[in-house]
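In what follows, a single structure is set out as structure tokens and then discussed.
In structure tokens:
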């Protein structure tokens with residue numbers, strides 16, 4: 177029994193030596209982490225925008241325009257690209273706005289709302305990119321069906337399907353790894369904030 181009493185005394189003595197963390201301290205840490213995550217979402221979206229712009233400039237040569245003109249889709253592709261870049265710029269702006277909003281949030285409830293809003297924006301962004309990928313391959317498929325010789329049509333369609341599958345897989349892996357990790361961290365922060373807000 178004496179040993180048990182000594183153990184209790186020692187435990188009580190050590191209990192006072194641990195640093196106490198308040199809800200306010202936890203909120204500040206979660207606020208800072210959330211702000212950092214959203215900042216990374218903004219940075220990654222800019223990097224992705226630059227990457228796709230470089231790809232577009234690289235493939236956008238005279239030969240490419242001759243082919244588009246030959247198939248009668250040069251103007252269509254121009255407007256699709258204008259629309260795509262306009263939407264991407266809007267998403268970059270939304271990521272920036274989300275970062276600024278989260279950085280200046282004062283209350284736990286506001287921070288939770290802003291985290292949910294940011295997660296929703298990222299999901300819309302990912303779905304938009306998938307839809308654009310699918311749309312570009314549908315247009316390519318229509319062009320192949322309309323303009324390819326019958327002897328090579330199936331070969332071209334097969335190549336197109338393989339490319340679409342590979343690009344879809346690459347998109348899925350990229351978005352799952354990069355955006356998925358960041359969204360999980362935001363979700364975890366939101367969950368921790370819910371505990372504080374109770």
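Numbering (the numbering used here), first residue to last: 177 to 374. Quick reminder that beta carbons are idealized off the backbone N, C-alpha and C, glycines included.
Considering Cα atoms alone, identify which of the options is closest to residue i.
| i | options | result |
| --- | --- | --- |
| residue 221 | 273, 361 and 283 | 273 |
| residue 291 | 271, 310 and 307 | 271 |
| residue 204 | 232, 217, 281 and 252 | 281 |
| residue 210 | 306, 371, 295 and 333 | 295 |
| residue 287 | 372, 198 and 185 | 372 |
| residue 334 | 347, 346 and 320 | 320 |
| residue 340 | 312, 360, 349 and 356 | 312 |
| residue 323 | 246, 217 and 200 | 246 |
| residue 351 | 327, 308, 302 and 307 | 302 |
| residue 207 | 349, 317, 289 and 328 | 289 |
| residue 244 | 353, 329, 318 and 327 | 318 |
Do you know how far the Cα of residue j is from the Cα of residue i?
| i | j | result |
| --- | --- | --- |
| residue 241 | residue 228 | 18 Å |
| residue 278 | residue 266 | 18 Å |
| residue 212 | residue 248 | 46 Å |
| residue 225 | residue 367 | 31 Å |
| residue 251 | residue 260 | 14 Å |
| residue 344 | residue 315 | 16 Å |
| residue 285 | residue 370 | 8 Å |
| residue 215 | residue 362 | 12 Å |
| residue 262 | residue 276 | 21 Å |
| residue 234 | residue 299 | 29 Å |
| residue 257 | residue 342 | 22 Å |
| residue 283 | residue 269 | 23 Å |
| residue 349 | residue 360 | 15 Å |
| residue 217 | residue 201 | 25 Å |
In terms of residues, what are the limits of the alpha helix (DSSP H) holding residue i?
| i | result |
| --- | --- |
| residue 237 | That residue, residue 237, is in no alpha helix (DSSP H); it is neither H nor E in DSSP. |
| residue 312 | 284-323 |
| residue 269 | 250-279 |
| residue 354 | It is not in any alpha helix (DSSP H) - residue 354 carries neither H nor E in the DSSP assignment. |
Take the Cβ of residue i as the centre, count every other Cβ of all protein chains shown within 10 Å, and call the residue buried at 16 or more, exposed below.
| i | result |
| --- | --- |
| residue 254 | exposed |
| residue 232 | exposed |
| residue 310 | exposed |
| residue 355 | buried |
| residue 236 | exposed |
Looking at residue i and the ligand SAM, is the gap between the Cβ and the nearest heavy atom below 8 Å?
| i | result |
| --- | --- |
| residue 235 | Although the ligand SAM was asked about, the structure shown includes no ligands whatsoever. |
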